[in-house]
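A.B. asks: Residue numbering for the sequence shown follows UniProt numbering, beginning at 1 and increasing consecutively.
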Amino acid sequence: MDQKPKDDIDFLEPSVLLDETHYQAGFKNGYSDGLVSGKEEGRQVGLKNGFQVGEELGFYQGCVDVWMSLVSIDQNAFSARVRKNIEQLAALMRSYPLSNPEDEQVQDIMEKIRLKFRVITASLGAKLEYQGHPTSSKQDVEDL
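Written out as structure tokens, the structure reads:
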């Protein structure tokens, strides 16, 4: 006769079990919702960062294109050292892994590009610098 008398039954046990059941259900729902929203948030952050990198690379490439055009018109437009630095910047731009953003060298290459750009602008005595204008398109529309 090892049965517990009815008086010894824990009257809080059903509440504790109910609480645990709701906790587990909430956790499962939150986890599955987090997977969905996390992927979307990751996509949005990736698009934003990708756009910013593309905008910066485009700025540098535009400068390289202008400088190379000047050199093709007048070989003496820049000193030999500046021309060499422009060619090195162009090579760095070509080496940037646009199709492989997970490449471990992405940050190193971008830092080299920025440094080479600063060397060129300092040699030219120009106050030209990429400042990142994330709202420039909004300002351009307002200026029209």
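We put the CB at the ideal spot given by N, CA and C, even for glycine. Just so we're clear, the structure is a prediction, and the values are computed from it rather than from any experiment.
1) Over what stretch of residues does the alpha helix (DSSP H) that includes residue 78 continue unbroken?
2) Output the distance between the C-alpha atoms of residue 63 and residue 35, rounded to the nearest integer angstrom.
3) Put residue 125 into one of helix, strand or coil per three-state DSSP.
4) If we ignore side chains and look at the alpha-carbon of each, how far apart do residue 116 and residue 93 end up?
5) By a C-beta neighbour count over all protein chains shown, 10 Å radius and 16 as the cutoff for buried, is residue 73 buried or exposed?
6) Can you tell me the Cα-Cα spacing of residue 21 and residue 39, whole angstroms?
7) With a threshold of 16 other CB atoms inside 10 Å of the CB of residue 85, please say whether the residue is buried or exposed.
8) Between the beta-carbon of residue 58 and the beta-carbon of residue 101, is there less than 9 Å?
9) Mind listing, in chain order, the continuous beta strand (DSSP E) runs of no fewer than 3 residues lying wholly within the region 27-68?
10) In whole angstroms, what separates the C-alpha of residue 113 from that of residue 29?
11) Give the straight-line distance between the Cα atoms of residue 52 and residue 26, rounded to the nearest whole angstrom.
12) What's the call for residue 98, buried or exposed, on a 16-neighbour Cβ count within 10 Å?
13) By the three-class DSSP mapping on this structure, what secondary structure does residue 132 have?
C.D. replies: Looking at the coordinates:
1) The continuous stretches of alpha helix (DSSP H) do not include residue 78, and DSSP gives it neither H nor E.
2) Going from the Cα of residue 63 to the Cα of residue 35 covers about 42 Å.
3) In the structure shown, residue 125 falls within a coil segment according to DSSP collapsed to helix, strand and coil.
4) Near 11 Å, if we compare the C-alpha coordinates of residue 93 and residue 116.
5) That one is exposed.
6) When rounded, the distance between both Cα atoms is 28 Å.
7) So residue 85 ends up on the buried side.
8) No, the pair does not count as a contact, with Cβ atoms beyond the cut-off.
9) Secondary structure within the region 27-68: not one fully enclosed beta strand (DSSP E) run of 3 or more consecutive residues is present.
10) It is roughly 46 Å from the alpha-carbon of residue 113 to the alpha-carbon of residue 29.
11) Rounded to the nearest angstrom, the two C-alpha atoms are 38 Å apart.
12) Exposed, since its Cβ has fewer than 16 Cβ neighbours within 10 Å.
13) Coil.
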